[in-house]
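Working notes for the structure below.
There are 2 protein chains.
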Amino acid sequence: MAHRDDSVETIQQEMTAFARRARASAARMHPELSLVSYTLLAHLDDQHGCRATDLAAHYLLDKSTVSRQIAALEKLGFVERRIDPDDQRVQVLHPTEKGAQVLADVTARRRLAFHDRLADWNEDDLDRFATYLERYNAAQERQD
Amino acid sequence: MAHRDDSVETIQQEMTAFARRARASAARMHPELSLVSYTLLAHLDDQHGCRATDLAAHYLLDKSTVSRQIAALEKLGFVERRIDPDDQRVQVLHPTEKGAQVLADVTARRRLAFHDRLADWNEDDLDRFATYLERYNAAQERQD
DNA sequence: AAATCACGTTGTACTATACAACTAGCTCTA
DNA sequence: TAGAGCTAGTTGTATAGTACAACGTGATTT
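Those sequence lines, one after another, are chains D and H.
This note's numbering numbers the first residue of the first sequence as 1 and each following residue consecutively.
This note's numbering numbers the first residue of the second sequence as 1001 and each following residue consecutively.
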């Protein structure tokens, strides 16, 4: 059990260390889009539009937080709102042309940074690491 | 190269997802000690005391941020300052008895949560995952 | 039709953070 | 050895992200 404990301890520490750095690192890498806005915009793009409520549920954020984030993205011209004709309360959010462009830029820069960081990994290790992370996050989602 | 790209993409997404959740999750798990205070206090405990400047350098935080975090921890009675007799500018920071106790509590709760989350992993997978994370974080540190 | 529910906004407050200006103590050099 | 410059830490100020509560408005249920 000792070895198992050590591994868990390491995973805990490393995941924590990573989390601590991620925001700051994102801010340095692309000041125009914070980690949160990036994530939200990416989700909109990925889903081909969705509601603020969906974003809140998916990312465990308060609806007021999402509301303000979206307001900021709209002000920057990265997101547009389309009122759902079937339910006047609902705004379906979409990336604008400009938003999609910025998102693509940032994604490319992030991808490059990740590729750099993982350049000397062989394919098997990358594959296993990716699988472990998915498994880990899925477990966390269930637990939270 | 396609497979390699897929793995990198997954790693990127999953690391990002993790980072997004970590703070909120930490706050829910132990409201008395934020992710940052926890990390700082743990470092003090681990290092058997260190300076504010060391904490700032190690965690890439501004010294003012560390100063305020430490002030808060001191106010809670979790940290004490000992002036270095050889250099009157320097305060060596140490966890108090109470701070060490709270830290141990939180660490135990965190460890339990991590163990739960990783309960159905076999030892080899845990070991490899831990190794990958260390390797990844080391690469990130060099890149930042 | 009234009560209730869902979606989103706004007011307020708090935390984490950075940067700049500052004080006090140390060190090096002319 | 006196002053210049460096280092450790604090404080003022500003910003971002977040939550919670109160609210308005539109939809649904009874």
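Ideal Cβ positions, reconstructed from N, Cα and C, are used throughout, including at glycine.
* Asked: Quick one: which chain H residues come within Cβ less than 8 Å of residue 35(D)?
  -> 1016, 1019, 1020
| First and last residue of the alpha helix (DSSP H) that includes residue 1069(H)? | 1063-1075
Residue 83(D), buried or exposed, once every other Cβ within 10 Å from all chains shown has been counted against 16 = exposed
- Message: I want to see whether chain D comes within less than 8 Å of residue 1032(H), judged by CB atoms only; does it?
- Response: no
| By how many angstroms is the C-alpha of residue 1036(H) removed from the C-alpha of residue 68(D)? | 25 Å
Just how far apart, CA to CA, sit residue 1078(H) and residue 1046(H)?
-> 14 Å
(request) Taking only the alpha-carbon atoms, compute the straight-line gap between residue 1081(H) and residue 135(D) and give it to the nearest angstrom. (result) 42 Å
* Asked: How many Å lie between residue 25(D) and residue 1140(H) at the Cα?
  -> 10 Å
Fill in: Interface partners of residue 1024(H) on chain D, CB under 7 Å
60
Q) Using a C-beta cutoff of 8 Å, does residue 71(D) count as contacting chain H? A) no
- Item | Proximity winner among 1063(H), 1120(H), 1110(H), 1043(H), relative to residue 1027(H) (alpha-carbon distances) | 1110(H)
Please report the distance separating the alpha-carbon of residue 142(D) from that of residue 104(D). 31 Å
Taking only beta carbons into account, state which residues of the stretch 101-112 of chain D come closer than 8 Å to chain H, listed in chain order.
110, 111
How about residue 148(D): is its C-beta nearer than 8 Å to some C-beta of chain H? Within the shown structure, residues of chain D are numbered from 1 to 144, placing residue 148(D) beyond reach of any answer.
query: Got a sec, what are the start and stop residues for the alpha helix (DSSP H) residue 1033(H) sits in?
result: First-last for residue 1033(H): undefined, no H or E at that position.
Distance check for residue 55(D) and residue 43(D), CA to CA, integer angstroms please.
8 Å
Assign residue 1019(H) to one of two classes, buried (16 or more other C-beta atoms within 10 Å of its C-beta) or exposed (fewer than that). buried
Within chain H, partners of residue 117(D) - CB distance below 8 Å
1136, 1139, 1140, 1143
- prompt: Whose C-alpha, out of 1073(H), 1114(H), 1138(H), 1052(H), is nearest the C-alpha of residue 137(D)?
  reply: 1114(H)
Check: Thinking just about the alpha-carbon of each residue, which of 58(D), 74(D), 53(D) is nearest to the one in residue 64(D)?
Finding: 53(D)
When you compare only the Cα positions, how much space is there between residue 116(D) and residue 1016(H)?
16 Å
Ignore the nearest five residues each way along the sequence and tell me which others in residue 1100(H)'s own chain have a CB closer than 7 Å to its CB. 1045
Checklist line | Boundaries of the beta strand (DSSP E) in which residue 1094(H) is found, first to last residue | finding: 1091-1095
Subject >> 8 Å Cβ shell around residue 1013(H) - same chain, five flanking residues per side excluded >> reply: none
In DSSP terms, what residue 1079(H) is bridged to:
1095(H)
**Request:** Find the residues of chain D that neighbour residue 1127(H), judging by a C-beta separation of less than 8 Å, and give them in chain order.
**Result:** 3, 7
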